[in-house]
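Trainee: Attaching a single structure in structure tokens format; questions to follow.
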Amino acid sequence: MTTTTRIERHHYDVVVIGAGGAGLRAAIEARLAGKKTAIISKSLFGKAHTVMAEGGAAAAMGNVNSRDNWQVHFRDTMRGGKFLNNFRMAELHAKESPQRIWELETYGALFDRTKDGKISQRNFGGHEYPRLAHVGDRTGLELIRTLQQKIVSLQQEDQREFGSYDARIKVFSETTITELLLDGDRVAGAFGYYRESGEFILFEAPAVVLATGGVGRSYKVTSNSWEYTGDGHALALRAGATLINMEFLQFHPTGMVWPPSVKGILVTESVRGDGGVLKNSDGKRFMFDYVPDVFRKQYAETEEEADRWYTDPDNNRRPPELLPRDEVARAINSEVKAGRGSPAGGVFLDIASRRSSEEIRRRLPSMYHQFKELADVDITAEPMEVGPTCHYVMGGVEVDPDSGAAFGHVRGLFAAGEVSGGMHGSNRLGGNSLSDLLVFGKRAGGHAASYADGLAARPKVAVDAVEAAVETALAPLQRDTGENPYTLQQDLQAVMGDLVGIIRREGELADALVRLAELRERVAKVSAFGGRRYNPGWHLALDLRNMLVVSECTAKAALERQESRGGHTREDYPAMEPKWRQVNLVCSLDGDNVRLTRKPLPKMRPELIGLFDRAELGKYLTDEELADFDALVADAGEADNR
Amino acid sequence: MSAKRQFRIWRGDETGGDLQDYMVEVNEGEVVLDVIHRLQATDAPDLACRWNCKAGKCGSCSMEINGKPRLGCMTRMSTFGDEETVTVTPLRTFPVIRDLVTDVSFNYEKARETPAFAPPADVAPGDYRMQQVDVERSQEFRKCIECFLCQTVCHVIRDHEENKQAFSGPRYFIRAAELDMHPLDARTDRKEYAQAEQGLGFCNITKCCTEVCPEHIKITDNGIIPMKERVVDRRYDPLVWLGSKIFRRGETPQTSVTTARQGSATPGSARGGVHSHAGGSHDPQAEAQAQSGVNWHREVPHPTAPAVDDRGRLPLTELTFDRAAAPSPFGDDVTFPLPPEHLNFAHPDQDDKH
């Protein structure tokens with residue numbers, strides 16, 4: 002029957018899967034390099050999850066505090082990731098993000114301004130200086146709209162030159178890729194379907210950039226949209242690439258917990274940056290009790306000092322509400338478990354009693370608007386009820402830091418943005434994701450283009466691989482004995498939320514793996530009711546396979562890593578263990594099974610590790626590493642004396 | 288706290304369809320999109336509906352709820368009566384693909400036709416300097432989440448497929464306004480473009496777009512009217528109008544509207560003042576001419592879409608005008624009703640006298 006199935010074929014130089022910030026930036030770069038580029042978007046153009054980012058894009062431009070520079074940003078990023086970051090990615094990110102932000106202005110972006118007319122920068126958790134370029138609290142929307150409009154502007158150039166808007170860059174909206182096709186170890190194309198019609202589509206292209214975002218839909222309480230089913234992670238695995246750091250998931254500390262319909266929706270950190278405080282049901286500002294030793298020096302010990310910081314940051318230490326996200330999430334979790342939570346199972350975030358109504362509305366317009374419309378809560382009059390929600394996956398495709406090319410045994414595959422791993426280590430700082438998208442989106446797009454240039458011959462798509470992909474895609478529609486995909490998704494979300502959630506235990510993780518194996522059997526037999534035209538049940542049935550394999554990676558890696566670090570908290574191993582800092586857990590596919598291997602972290606270059614003081618490194622490094630560091634400092638000292 | 292509620296949802300595709308009844312559980316604090324998700328998970332797994340963020344930020348879940356264009360994620364169930372049936376239909380202005388999903392490609396085509404931001408040639412990246420007060424006007428329009436509710440509600444295209452070619456819709460008027468107000472945009476013809484290419488003149492300011500905007504952008508007041516005003520400023524400049532009162536007819540400095548027609552002057556126009564609406568004029572010469580009969584060869588202004596609001600008023604800014612209200616589009620010296628003999632009307636059975 003597969004021989005009679007109609008398949009639309011396209012030829013491109015670079016196919017970018019994902020139309021969020023990273024995907025669009027990559028596509029712009031590939032098109033600027035002269036490549037014929039396709040953008041595949043699971044939703045309509047411009048609806049990507051990037052629009053949800055509220056706080057801003059971190060870039061050490063030094064517009065507000067001139068002491069900021071890339072070294073400070075690099076230090077903050079490594080500190081936030083608990084030194085598990087790929088140092089080279091953190092370095093590139095810190096160095097290049099200001100240029101990427103300025104570039105957006107030439108595309109038409111309108112950031113908020115400082116008094117002297119530069120881009121304004123705001124404070125954010127984990128950043129030493131005000132660093133986040135922002136537009137009120139809708140920075141993600143500004144970013145996506147700017148990139149979208151830049152693509153339109155490139156299309157207008159092509160229209161003038163070639164008479165067609167789609168001559169060199171085309172957006173395939175509401176299109177899902179289900180399979181990457183290989184020629185030996187080289188990427189040869191991508192296979193998928195139009196959501197609207199259910200018709201199949203085949204892209205023949207030597208270079209593919211993955212920019213599919215995260216995996217949050219595997220969790221019950223999440224801020225992520227339906228698109229976040231780990232497609233890119235799974236596509237990469239099946240194509241022979243590897244994933245790293247999959248045990249690290251960021252739970253945003255402050256998601257809405259009331260009303261139930263909007264459970265999981267984020268309350269931006271800027272609420273805390275602008276003066277909001279966290280209180281328990283006793284009305285106590287509890288974050289002072291949860292400052293970990295590694296941060297003791299940078300954070301205020303009294304409410305008075307913390308309150309002075311908002312107006313005089315140079316002479317006071319930061320309020321503990323601005324601790325990195327994982328610390329805040331854990332603190333809230335502990336308060337709720339101790340019975341001091343709000344009625345809906347969160348804590349109170351109070352800005353109403355601390356800032357005037359006009360000021361709140363001016364500084365947090367869409368926050369105010371969102372709560373008013375969605376929950377009929379007036380944040381200028383009453384506190385919000387917030388709690389941890391699954392927000393971001395640090396783990397992802399293991400890539401070469403400079404080019405974004407995937408490791409493992411596949412060539413021609415690139416990844417950027419949330420789907421790539423390493424940049425954020427065990428925990429991402431707020432604001433670093435938007436700049437990550439731009440920096441590594443550009444790099445991946447550019448390197449995909451030069452990879453395509455360097456090929457002597459185009460890889461060929463094998464006919465039988467396409468037939469197999471068609472069969473897999475149609476299978477759920479042809480079965481009527483299997484289970485409803487929605488039930489399976491709910492069961493998967495329950496397993497991940499309950500057993501592989503924010504606080505993890507060995508027994509539960511082992512149990513999760515058993516249940517995921519059972520779910521795998523059930524998902525293999527899933528059936529979807531209805532036809533091929535815009536059938537969400539069928540779409541979900543196909544996505545489930547990806548969600549499942551990515552969940553298995555997370556559960557396996559979480560069981561393996563016997564320590565707590567950043568976005569991975571083990572109740573049975575509560576301490577951070579320097580020995581584990583030297584190890585990345587790498588997932589790959591062995592047939593159908595997820596295989597886990599350990600891989601040492603690359604060693605930081607001397608001039609980069611020299612940016613930290615020894616006291617701080619002492620909290621993260623092993624004794625041998627510290628001895629190396631001391632030798633390095635001694636060498637440098639001698640060199641100075643000579 | 289949950290209860291069964293009656294929902295009527297349009298099911299079908301471009302070949303047709305109808306409203307189907309569902310009884311579905313609704314819990315406290317839920318929105319319409321939650322109920323649709325529950326239906327997908329239970330009675331109607333193939334019910335097609337777009338959504339993404341479920342937080343009013345992406346503009347995907349646009350639908351018509353009880354006939355009103357709304358975002359499904361922003362419509363709380365508590366806004367309906369306990370016994371009220373909730374009817375959900377797809378956006379009416381766009382062709383249906385399936386169920387609640389419509390083909391919104393019209394909007395993306397119009398977006399592609401709108402000229403992009405033109406960066407200033409001599410400013411390097413990183414050197415852009417703008418004041419907050421200057422970027423705020425454009426920032427209001429950049430809040431747009433492209434839900435296209437303003438597009439679906441606009442009566443110019445809602446039931447007039449034939450207007451879609453020439454009319455871009457409120458979303459793209461504010462895009463033009465945003466670029467027009469951008470402090471560093473290098474193009475200077477945004478308003479002219481909006482009038483000539485986007486069909487700004489079709490808009491008669493009923494403000495429906497502003498009403499449905501989930502981002503509360505003042506589309507009409509802050510976007511469309513200022514664009515129209517400046518177009519009007521040129522076409523109906525009060526100074527030019529005043530000049531026409533001071534100078535003798537025939538010597539009147541012409542506005543662009545009339546000069547365009549002057550080129551094709553017919554013999555009748557050789558007589559002074561014949562291009563005016565002679566009807567209620569107090570000009571004795573014109574009055575006499577009107578009394579002597581209708582000049583069928585006189586040049587009448589080319590019909591243009593009126594740049595007036597729904598009360599027939601020109602939305603002229605009061606700051607630049609000598610009166611507290613807008614002037615009449617017919618000229619302030621015209622009173623209604625016109626005397627019948629002044630009317631430029633030919634009975635179909637009557638021969639042309641001239």
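Chains Y and D, in that order, give the protein sequences.
Each residue of the first sequence is one higher than the one before, starting from 2 at the first, in this note's numbering.
Each residue of the second sequence is one higher than the one before, starting from 288 at the first, in this note's numbering.
Don't be surprised by glycine CBs; every beta carbon is placed ideally from N, CA and C.
Just so we're clear, the structure is a prediction, and the values are computed from it rather than from any experiment.
1) Could you pull out every residue in the same chain whose Cβ sits closer than 6 Å to the Cβ of Met62 of chain Y, ignoring the five residues on either side in sequence?
2) Using a C-beta cutoff of 8 Å, does Trp338 of chain D count as contacting chain Y?
3) Given that a residue counts as buried once 16 or more other Cβ atoms are within 10 Å of its Cβ, and exposed if not, what is Arg615 of chain Y?
4) How big is the Cα-Cα spacing for Pro477 of chain Y and Gln251 of chain Y?
5) Shorter than 8 Å from the beta carbon of Arg416 of chain D to some beta carbon of chain Y?
6) Once the 5 residues before and after Pro607 of chain Y are set aside, which same chain residues still bring their CB inside 7 Å of it?
7) Select from Y:Lys600, Y:Ala640, Y:His234 the residue whose C-alpha is nearest the C-alpha of Leu85 of chain Y.
8) Please confirm whether Cys437 of chain D and Ile384 of chain D have their CB atoms less than 8 Å apart.
9) Could you list which residues in chain Y have their beta carbon closer than 9 Å to that of Arg458 of chain D, in chain order?
10) So which residues of chain Y does Tyr480 of chain D contact, with C-beta pairs closer than 7 Å?
11) Would you report the Cα separation of Arg187 of chain Y and Val411 of chain Y, rounded to the nearest angstrom?
12) For the alpha helix (DSSP H) holding Ala645 of chain Y, just list the boundary residues, first then last.
13) Considering only residues of the same chain and omitting the five flanking positions on each side of Ser226 of chain Y, which have a CB-CB separation below 7 Å?
14) With 8 Å as the C-beta to C-beta threshold (strictly closer), list the residues of the segment 63–97 of chain Y near chain D in chain order.
15) Where does Trp297 of chain D fall in DSSP's three states?
16) Might you give, ordered along the chain, the residues of its own chain that have their beta carbon closer than 7 Å to the beta carbon of Tyr480 of chain D, omitting 5 neighbours on each side?
17) Is it right to say Phe249 of chain Y is buried, meaning 16 or more other beta carbons lie within 10 angstroms of its own, or is it exposed?
18) Mind reading off the beta-carbon distance from Trp349 of chain D to Phe404 of chain D? Whole number of angstroms is fine, and I expect it under 8 Å.
19) Looking at Ala27 of chain Y: is its Cβ nearer than 8 Å to the Cβ of Gly442 of chain Y?
20) Select from Y:Leu438, Y:Asp403, Y:Asn428, Y:Asn433 the residue whose C-alpha is nearest the C-alpha of Ala417 of chain Y.
21) Would you verify that the beta carbon of Glu360 of chain Y is, or is not, closer than 8 Å to some beta carbon of chain D?
22) Buried or exposed for Leu612 of chain Y, going by 16 or more other Cβ atoms inside 10 Å?
23) Just curious, the alpha helix (DSSP H) that Met548 of chain Y is in, first and last residue?
24) In chain D, what lies closer than 7 Å to Val136 of chain Y by C-beta?
25) With a threshold of 8 Å between beta-carbons, can Thr38 of chain Y be considered close to chain D, or not?
26) Would you verify that the beta carbon of Cys345 of chain D is, or is not, closer than 8 Å to some beta carbon of chain Y?
27) Around the Cβ of Met310 of chain D, are there at least 16 other Cβ atoms within 10 angstroms (buried) or fewer (exposed)?
28) For Ala208 of chain Y, collect the residues of the same chain with a Cβ closer than 6 Å to its Cβ; drop the 5 residues on either side in sequence, then sort them by chain order.
29) Please confirm if Tyr166 of chain Y has its CB atom under 8 Å from at least one CB of chain D.
30) Helix, strand or coil: how does DSSP classify Tyr395 of chain D here?
31) Does DSSP classify Gly303 of chain D as helix, strand or coil?
32) Run through DSSP, which three-state label would Ser543 of chain D get?
33) Looking at chain D, is there any beta carbon in it that lies within less than 8 Å of the beta carbon of Arg534 of chain Y?
34) Could you say which of D:Gly486, D:Leu320, D:Leu334 lies nearest to Glu400 of chain D if we only look at CA atoms?
35) Quick check on Lys264 of chain Y: buried or exposed, where buried means 16 or more other Cβ atoms within 10 Å of its Cβ?
36) For chain D, check one thing: does any of its Cβ atoms lie closer than 8 Å to the Cβ of Ser226 of chain Y?
Mentor: Result, derived from the coordinates:
1) Pro99
2) yes
3) exposed
4) 32 Å
5) yes
6) Leu633
7) Y:Lys600
8) no
9) Here the premise fails: no neighbours, minimum Cβ distance about 12 Å.
10) The premise fails here: Tyr480 of chain D is roughly 13 Å from chain Y at the closest Cβ pair, so nothing lies under 7 Å.
11) 6 Å
12) Shown here, chain Y extends from 2 to 643; a query on residue 645 of chain Y therefore has no answer.
13) His50
14) none
15) strand
16) Pro402, Ala463
17) buried
18) What sits at residue 349 of chain D in the sequence shown is Ser, not Trp. Wrong, their Cβ atoms sit about 26 Å apart, outside the cutoff.
19) yes
20) Y:Leu438
21) no
22) exposed
23) 537–561
24) Gln426
25) no
26) yes
27) exposed
28) Val15, Gly413, Ala449, Tyr452, Ala453
29) yes
30) helix
31) strand
32) Legend: pLDDT at Ser543 of chain D = 38, less than 50; position of this residue unreliable, no value from coordinates given.
33) yes
34) D:Gly486
35) buried
36) yes
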